[in-house]
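Here the structure is laid out as structure tokens; the discussion comes afterwards.
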Amino acid sequence: LKDWWLVKSDPGSNGRRLGVAGVSSRGNGGIRSFASAAILKRHDAVTLETADGITVLIHGQLNKYRTHQNGFPSEV
């Protein structure tokens, strides 16, 4: 995900609800939006694993404005 932010997903494993959403651009000029299931594991600084088994790679800075719009405090 190139532009990404935190979201509250449906409760995942053990009641976890923290997810990520964002947009990714493709080489042909197309843009795709994405919203994850709950995050289960962080493998490294840019690789997350979700409750539904998807591996998400994040790049760039957290979009704090959109994160705040999704109900997270501005201190995140």
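Letter by letter, the sequence shown follows residues 1 to 76 of the UniProt record's numbering.
Glycine included, every Cβ here is placed at the ideal spot set by N, Cα and C.
Model, not experiment: these values are computed from the prediction.
Of the listed residues Thr50, Leu6 and Leu1, nearest to Gln69 (C-alpha basis): Leu6
Contact set for Ile31: own chain, Cβ-Cβ below 8 Å, skip 5 residues either direction: Val23, Ser24 and Ser25
Buried versus exposed, by CB contacts within 10 Å (16 or more), Val76: exposed
Cβ-Cβ distance between Leu1 and Ile58 below 7 Å: Result yes, Cβ atoms of Leu1 and Ile58 sit closer than 7 Å.
3-residue-minimum beta strand (DSSP E) runs that sit fully inside the stretch 15-57, ordered along the chain: Scanning the stretch 15-57 from its first residue to its last, the whole beta strand (DSSP E) runs of 3-plus residues come out as 18-25, 31-35, 39-44, 47-50 and 55-57.
Neighbour-count burial assignment, Ile39, 16 or more Cβ in a 10 Å radius: buried
Start-to-end residues for the alpha helix (DSSP H) that takes in Lys8: From DSSP, Lys8 is part of no alpha helix (DSSP H) but of the beta strand (DSSP E) over Asp3 to Lys8.
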